[in-house]
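The next block holds one structure in the form of C-alpha cells; read it before the comments.
Protein chains: 2
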Amino acid sequence: MTRLYDDPASFTEDMVAGFVAAHPRYVRPVPGGVVRSRRGRQGKVAVVTGGGSGHYPAFCGVVGPGFADGAVIGNIFTSPSSEDAYSVGRAADSGGGVVFSFGNYAGDNMHFGLAVERLERAGIRAHNVVVTDDVASAPVEERSKRRGVVGDFVVFKVASAAAEEGYDFDEVVRVAEHANDRTRSLGVAFDGCTLPGQDEALFHVPDGKMGLGLGIHGEPGVSERDMPSASELAKILVDGVLAEAPEGATPRVTAILNGLGATKYEELFVVWGTVSRLLAEAGVEVVEPEVGELVTSLDMAGCSLTLTWLDPELERLWSAPADTPAYRKGNAVTVSEPESTEVVESAPIDEPIVVVAPAEGQATAATVVRALHSVADALRDAEDELGRLDAIAGDGDHGRGMTKGSAAAVEAADAVLAQGVGPAAVLVAAGDAWAAKAGGTSGALWGAALRSFGDLLPDDRPATAEDLAAGAAAALGAVQRLGRAEVGDKTLVDALIPFVDALKDAVADGSRGRDAWQQAAQEATRAAERTAELTPRTGRARPLAERSVGTPDPGATSLALALSEIAGVLTGEGVH
Amino acid sequence: MTRLYDDPASFTEDMVAGFVAAHPRYVRPVPGGVVRSRRGRQGKVAVVTGGGSGHYPAFCGVVGPGFADGAVIGNIFTSPSSEDAYSVGRAADSGGGVVFSFGNYAGDNMHFGLAVERLERAGIRAHNVVVTDDVASAPVEERSKRRGVVGDFVVFKVASAAAEEGYDFDEVVRVAEHANDRTRSLGVAFDGCTLPGQDEALFHVPDGKMGLGLGIHGEPGVSERDMPSASELAKILVDGVLAEAPEGATPRVTAILNGLGATKYEELFVVWGTVSRLLAEAGVEVVEPEVGELVTSLDMAGCSLTLTWLDPELERLWSAPADTPAYRKGNAVTVSEPESTEVVESAPIDEPIVVVAPAEGQATAATVVRALHSVADALRDAEDELGRLDAIAGDGDHGRGMTKGSAAAVEAADAVLAQGVGPAAVLVAAGDAWAAKAGGTSGALWGAALRSFGDLLPDDRPATAEDLAAGAAAALGAVQRLGRAEVGDKTLVDALIPFVDALKDAVADGSRGRDAWQQAAQEATRAAERTAELTPRTGRARPLAERSVGTPDPGATSLALALSEIAGVLTGEGVH
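If you're matching them up, the sequences are chains A and B in order. Per my numbering: the first sequence = residues 15 to 590. Per my numbering: the second sequence = residues 15 to 590.
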C-alpha cells in the first residue's frame with residue numbers, strides 16, 4: 015500500500031516538487047507539469063506526454079534529450095486538466111508545434127483535446143496521438159477504443175526520437191501513429207494498489223487468482239484465472255500478443271516486460287526467460303528489450319508484455335539515445351544540437367476578453383454567481399458523503415473533485431462578475447476554472463455543461479423559463495457528447511436527463527422558471543436515488559461495478575444536490 | 015508477495031537465465047554468477063560485487079563498462095558459496111586481480127574469504143572490501159560490525175570507476191575502503207517480503223507501525239514506531255544519518271533515497287522533497303542524488319537514506335559514466351578503451367590433487383563415505399521437518415540447504431574415494447562440495463567442520479577413539495571461529511559443544527570409539543531438544559527471535575540427527 019505522504023490532497027504537488035528537486039538537470043516545473051530544464055533547439059517539434067500520475071517512470075521520468083520535451087502531470091490516476099496540458103504544451107513549444115501523446119482514456123481525450131484547441135487558437139500547431147495498445151480492452155475491430163498502457167512508452171520514445179532527429183510536425187505525428195499501429199500489449203494483475211491516504215486498495219484480486227487483461231487503474235479485464243506458474247504466464251502473454259500481430263509485419267520486434275510496481279525484477283526475469291524462448295520458437299527476433307518497471311501503477315502487483323513490430327525506421331528510433339531521469343540509452347547528451355540555455359518563463363495563460371454586459375445581463379450574472387456560491391457551499395458540506403459513495407465502486411475522489419472544482423468556479427465567477435460581464439461570460443469562466451482545478455472526467459463534464467448552459471443565457475434581457483430549459487438541454491448535449499454515457503450507465507446522465515425532461519415539460523405547461531426548476535430538481539433527486547438500483551458503467555474509475563449495487567451514483571447525487579441548491583436561489587430571488 | 019516462479023528450488027537459476035537473455039550485450043553467465051560479456055582491458059583491476067540475490071538491480075544489474083566486472087549471485091537472501099565467488103572472480107580477472115566488494119554479513123564474509131584464498135593460491139591477486147554503512151546495526155564504536163546495505167551501491171560504483179580509470183590494485187582497494195568510510199545509511203521498513211514459493215512473508219511489521227533500522231533481510235532494527243508522515247520520516251532519516259557525519263568531512267555529499275520494492279517512486283519523491291530541503295538547511299550540498307530502487311529486497315515495503323561525504327576524488331568517481339543493464343550514466347560506452355572481444359571460457363575450477371592413501375586409510379575413508387551416505391539419506395528424509403522448524407524464526411530453507419549440501423558431499427566423496435584417497439581427502443572434498451552447493455551460513459559451517467574433522471583422521475592406521483574426539487574438537491573450533499556463535503545463542507553450537515564434551519569424557523573414561531560416539535550423539539540429541547527453551551541468536555536469517563521459543567533450533571536438530579546416523583554406521587561397522 016501507499017504509506018508515505020503528508021497531505022493526501024497535495025500528494026501530486028509534493029511528488030512533483032521532490033521529483034524536480036532530484037532532477038534539476040533534466041526538468042523544471044511549469045503549471046500543470048514539467049518541461050526540459052533546457053528548451054529543445056529552435057523549430058524542433060515538441061513531444062509532450064502525460065496523463066494521471068502514479069505511473070512513474072511514466073510520464074515525467076522520461077523528459078530529457080532524446081525523449082519527451084514535457085510531461086503533463088495529473089493527480090494520481092486522474093487526467094490532467096486542459097489548462098495543465100495547455101500550459102505544459104505552451105512551455106514545451108520551441109516553435110515547431112506540440113505533439114501530445116497519451117493513453118486512450120475518456121478524461122485524457124477530453125482535456126488534451128481542449129488543450130489542442132487552445133494551443134491552435136494561440137497560434138501553436140498541436141495534435142494528439144492517442145495510444146491504444148491494450149488488446150484486452152476492446153476487440154480488434156475496435157482498436158480505437160482500446161486503452162493505452164505500456165505501449166505509451168514505445169510511442170513516446172519513437173515520436174521523441176523522430177522529433178530529435180529533425181522530423182517535421184506531420185512526420186512526427188505519422189511515425190507516432192505508425193508506432194501505435196504496430197504495438198500490442200497484454201497485462202495481468204495479481205492485486206490492487208492503494209491511493210495515498212486510503213486504507214483500502216482500489217481493488218483486490220482474490221488470493222491465488224489472476225486478472226487477465228485487468229487495466230492499470232483496475233479496469234475490468236477479460237477473465238479471472240487461477241494463478242499460473244511463471245512459464246504458464248509467459249505463454250499466456252506471448253500467445254495473447256502474437257495472436258494480434260499486425261498484418262504484413264516482419265518478425266522483428268522490440269519487447270517490454272513491464273512490472274506494475276510490486277511484481278519485482280527477479281520475478282520478471284524468471285518470466286522473461288520463458289518469454290524470450292517462446293518468441294524465438296515462434297520465429298520472432300527481439301531487439302533491445304526492456305525488462306523492468308517502465309509504466310507502474312503505484313504498488314499494484316502484476317505485469318504485462320508489450321511487443322512492437324519493427325521496421326527499419328521504428329528500430330532506429332527505438333534504439334536512438336535518450337537521457338532522462340529514469341531512462342537512459344547510449345550517448346544521448348552528445349546527440350542533440352547544443353541546447354539553448356534560455357530561461358523560459360512559466361507559461362502564460364490566455365487572458366479572457368471582457369465584454370461588459372447591459373444591466374439586465376449583469377443582473378442575471380449576479381444571480382448565476384449567487385447560485386454558484388450556493389452550489390459550492392453545498393458540495394463542500396457534502397464532500398465526505400460523496401467521497402464515501404464514490405469509494406464503493408470508484409476511487410473515492412468525487413467529493414474532493416467537486417469541492418475543488420466548484421470552489422475554483424466561484425472564484426473565477428466572482429472575478430469576472432466584478433468586471434461587469436453577463437451570465438455567459440460568468441459561466442464560461444466558471445466552467446473553465448472548474449475543469450482546470452477539478453481534473454478527472456467529472457471536472458471536464460461540469461466545465462462543459464456550465465459553458466454550454468451559459469451560451470444560451472441572454473445578456474440583454476432577463477432570462478426566461480424557456481432560456482433555462484434550452485440551457486439545460488444544451489448542457490445535457492455537451493455532457494453526452496463528451497462522456498458518451500447512456501441512460502442506465504449509472505452516471506450523472508441518469509439524473510440529468512430526467513431533470514431536462516421535467517424542466518422542459520414544466521415550462522411547456524406554463525410554469526414560471528423558478529417553479530419549473532424546483533419541480534425538475536425534485537425529479538432529479540428522485541432519479542439520483544433510483545440509480546442505487548443500477549449497476550454502474552464500468553471503466554477507469556469504476557472497476558468494481560457490482561459492488562455499488564444498492565448505492566446511488568455519486569455523480570448523479572452531486573448533480574441533484576447542485577440543482578436543488580440552484581432552485582433555492584431562484585426561488586429566493588423570485589426569478590420568473 | 016512474490017508470486018511468479020516455476021520451481022522455487024531453481025528460482026535463482028531461472029532468474030539468472032532470464033536476466034542474461036534480456037541483457038546479452040552486457041553480461042554472460044559463468045558458474046556462480048555473471049561477468050561482463052566483453053572482458054575489461056588487459057591488466058585492469060576487476061571489481062566483483064555480489065551476495066544473495068533478491069536485491070536487483072543490486073548486484074547483477076550493475077555489471078558493465080564503468081561499473082562492475084562481475085557479480086556473484088547467491089540464492090535469494092543467501093550468501094553465494096566460495097566456489098561461486100571463486101568462479102566469478104576467476105572469470106572476471108583480466109590480469110589485474112580481483113577486488114570483491116559486498117555487504118557485511120557472516121555468510122558472505124566466510125565464502126568470499128575462502129574465495130580470496132583460492133584465487134591467491136591460483137596466482138590471482140584478490141581482496142575483499144566489506145561494506146558497513148548501516149548505522150542502525152551496531153554502535154559507531156563498532157563500525158566494522160555494521161551491516162552493508164545501500165552503501166554497497168556507492169562503494170561498488172566508486173571502486174569500479176577507479177578501476178576503469180586505471181587505478182592499480184592497492185589504489186582500488188584504498189578508494190573503495192575510503193568510500194565505505196564516508197558512507198552512512200539508515201533505513202526503515204513497513205512490511206516484509208515473501209520468498210518464492212512461500213505463502214507467508216518472511217516477517218511482518220504491524221499495521222500502522224514502522225521498523226526503524228530494520229535490515230534488508232528483516233534483521234532486527236532499533237525500534238518500532240508509529241508510522242510517520244512523509245515529512246516526519248524525512249526528518250528521522252536526515253537526522254539519523256547526519257548525526258553520523260564522518261569527522262572532517264566537507265558538507266558536500268551524494269545521496270540515495272532507496273525504495274525496497276513496494277515503496278514506490280511517487281512516495282520516494284514526496285519524501286525527497288523534504289530530505290533535500292532539510293539537507294540544504296543543514297548546509298549540506300547534494301551532488302547527483304539518486305531517488306529510486308537501487309538495492310531492493312523483493313517486494314519489501316520500506317526505504318532508506320544513504321549519504322556519502324565526498325571529496326574531489328570520490329565526487330569524480332561517483333559522477334563517472336557507467337553503462338549497465340540497470341544503471342546508466344553519461345557516455346560510458348565511449349570512455350573505456352576498446353574492449354577485447356575475446357570469448358572467455360567458463361571459469362575452470364581447481365582440480366584437486368589426488369594422494370593415494372595406504373589400505374588402512376582407504377578403509378577409514380570407506381567408513382567415512384558410508385557415514386556420509388547415511389547422513390545424507392537421513393537429512394533428505396528430514397528435509398520438510400527441518401524446513402518447518404526453520405520457518406518459525408528464519409527463512410525456512412534449512413532443510414533444503416542441508417539436503418543439497420549433504421547430497422553434494424556424498425557425490426564428491428564417492429568420486430575421490432574411487433581414486434584411492436584417505437579420510438582427510440574424502441572429508442575435504444565432501445566439505446568443499448557441501449559449502450559450494452548448500453550456500454548460506456550452515457553450508458559454510460558444515461563445510462569447514464568436515465574439513466577440520468578430516469584433517470585429524472590418519473591415513474596410515476585405523477582411526478582411534480582419540481582421533482574421533484580430536485577431530486570433533488577441531489570441527490567445533492572451526493565452527494566457532496567462522497560462525498562466532500556462543501553457548502545459548504540457539505545455534506548448532508548448542509548441540510555441538512555437549513557432543514564434543516561428552517565424546518571427550520567418554521574417550522577419557524576408556525570407551526571404544528563407537529560407544530563414545532553413541533553416548534555423545536545421545537547427549538547431542540538431548541541438547542538439541544533443550545534448545546527449544548532458548549531464544550535464538552538474532553540476525554540475518556532470524557528476524558523473529560521470540561517466535562521460536564518452544565521450538566528446537568533446526569541447525570542443532572539436524573546436527574544431532576547427523577551425529578546419530580554416524581553413530582549407527584560406526585556401531586554397525588564395529589569401529590573401535
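Ideal placement from N, C-alpha and C gives every residue a C-beta, glycine not left out.
At a beta-carbon threshold of 8 Å, the residues of chain B lying near A/S290 are G32, A35 and A36, ordered along the chain.
A/E480 carries a helical assignment under DSSP once its states are collapsed to helix, strand and coil. Here the alpha carbon of A/A462 sits roughly 8 Å from the alpha carbon of A/A449. Of A/E214, A/S115, A/T208 and A/F183, the smallest CA-CA separation from A/G165 is found for A/S115. Boundaries of the beta strand (DSSP E) harbouring A/V145: A140 to V145, taken from the DSSP string.
Not flagged as an interface residue toward chain A: B/K418, since no C-beta distance is shorter than 9 Å. Residues are counted here when their Cβ sits less than 9 Å from a Cβ of chain B; for the stretch 270-284 of chain A these are L271, G275, A276, T277, K278, Y279, E280, E281, L282, F283 and V284, given in chain order.
In the displayed model, A/R266 falls within a strand according to three-state DSSP.
DSSP places A/A60 in the uninterrupted beta strand (DSSP E) bounded by A60 to S67. For B/R526, no alpha helix (DSSP H) segment is defined, and its DSSP state is neither H nor E. Taking a Cβ-Cβ cut-off of 7 Å, B/W332 has no neighbours in chain A, whose nearest Cβ is about 15 Å from it. Annotated as proximal: A/E191 and A/V143, with beta-carbon spacing under 9 Å. Residues are counted here when their Cβ sits less than 7 Å from a Cβ of chain B; for the stretch 197-208 of chain A these are F204, given in chain order.
The C-beta distance from A/G413 to A/E397 rounds to 4 Å, short enough to fall under 8 Å.
In this structure the stretch 282-291 of chain A lies against the stretch 16-36 of chain B, because at least three pairs of beta carbons, one per stretch, are closer than 8 Å. Under the Cβ criterion of 9 Å, B/P71 is counted among the residues facing chain A. Identification of chain B residues near A/L18 by a Cβ-Cβ cut-off of 7 Å yields A244, L247, T277, E281, V284 and V285, ordered along the chain.
If the five residues before and after A/L128 are omitted, its C-beta is found closer than 6 Å to the C-beta atoms of S96, all from its own chain and listed in chain order. Taking B/T565 as reference, the option from B/E579, B/L577 and B/T549 with the minimal CA-CA separation is B/T549. When secondary structure is reduced to three states using DSSP, B/N194 falls in the helix class. Taken in chain order, the members of the stretch 311-342 of chain A whose beta-carbon sits within less than 8 Å of a beta-carbon on chain B are L312, D313, A315, C317, A340 and R342.
Sorting A/P79, A/K58, A/Y279 and A/G211 by C-alpha distance to the C-alpha of A/R139 places A/K58 at the top. Judged by beta-carbon spacing, A/G84 lies within the 9 Å limit of A/V44, meaning their Cβ atoms are closer than that value.
Distance from the CA atom of B/V255 to the CA atom of B/L293, rounded to whole angstroms, is 11 Å.
For B/G306, the nearest beta carbon of chain A is closer than 9 Å to its own beta carbon. When CB distances to chain A are screened at a threshold of 8 Å, the residues of the stretch 64-89 of chain B falling below it are S67, G68, Y70, P71 and G75, in chain order.
The Cβ atoms of A/L393 and A/M416 sit closer than 9 Å to each other.
In the three-state scheme derived from DSSP, where H, G and I count as helix and E and B as strand, B/G410 is classed as coil.
Ranked by Cα distance from A/V298, the first of A/E399, A/T264, A/G162 and A/A315 is A/T264. The alpha-carbon of B/V583 is positioned some 44 Å away from that of B/G206.
Around A/D428, the same chain offers V383 as residues with beta carbons nearer than 8 Å, after the five sequence neighbours per side are excluded. Taking all protein chains shown into account, B/R42 has 16 or more neighbouring C-beta atoms within 10 Å of its C-beta and is therefore buried. By the CB criterion at 9 Å, B/S174 and B/A244 fall outside the cutoff. Distance from the Cα of B/A479 is smallest, within the candidate group B/V521, B/F73, B/P22 and B/L312, for B/V521.
For A/D391, not one C-beta of chain B is nearer than 9 Å to its own C-beta. Rounded to the nearest whole angstrom, the C-alpha separation of A/A516 and B/G275 is 55 Å.
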